[in-house]
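Residue numbers (this note's numbering): 23 to 132. Written out below as structure tokens is the structure these notes cover.
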């Protein structure tokens, strides 16, 4: 299920977006709270995922489904520009996730 995104140390999605728990994720396995009606992982004081460490994801092998499926490249190309703009207004930090996706587009094999 893990994507082969060439993150190369990029943690934009861990720092700038909410990490949602899905129906297949066991909430007992994580520190989380409800935000806008959704179960999301807790965040550190700087807004990054509570599980982000200086060397990357601290729960990589047991990360929520959304983390395993996240592909910033696909997110960038599948999200229409007007929707990206709306999401960036809701969460200005999302621009970093979209930029990361745009920068990695050439590595996406269809």
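Ideal Cβ positions, reconstructed from N, Cα and C, are used throughout, including at glycine.
So, with DSSP's three-state summary, where would you put residue i?
| i | result |
| --- | --- |
| residue 123 | helix |
| residue 87 | helix |
| residue 115 | coil |
For residue i, which beta-bridge partners are listed by DSSP?
| i | result |
| --- | --- |
| residue 65 | 71 |
| residue 55 | 62 |
| residue 78 | 75 |
| residue 42 | 62 |
Go to residue i, then tell me how far its alpha helix (DSSP H) extends in each direction, as first and last residue.
| i | result |
| --- | --- |
| residue 32 | From DSSP, residue 32 is part of no alpha helix (DSSP H); its letter is neither H nor E. |
| residue 21 | Any property of residue 21 remains undetermined from this structure, which presents the chain solely from 23 to 132. |
Can you list, in chain order, the residues of its chain whose CB lies under 6 angstroms from that of residue i, leaving out five sequence neighbours each side?
| i | result |
| --- | --- |
| residue 87 | 44, 46, 47 |
Keeping to the same chain, check which residues put their C-beta closer than 8 angstroms to that of residue i; ignore five residues upstream and five downstream.
| i | result |
| --- | --- |
| residue 62 | 40, 41, 42, 43, 54, 55, 56 |
Return the Cβ separation of residue i and residue j in integer angstroms, given the expectation that the two are a contact with Cβ distance under 8 angstroms.
| i | j | result |
| --- | --- | --- |
| residue 80 | residue 37 | That pair is no contact at about 14 angstroms. |
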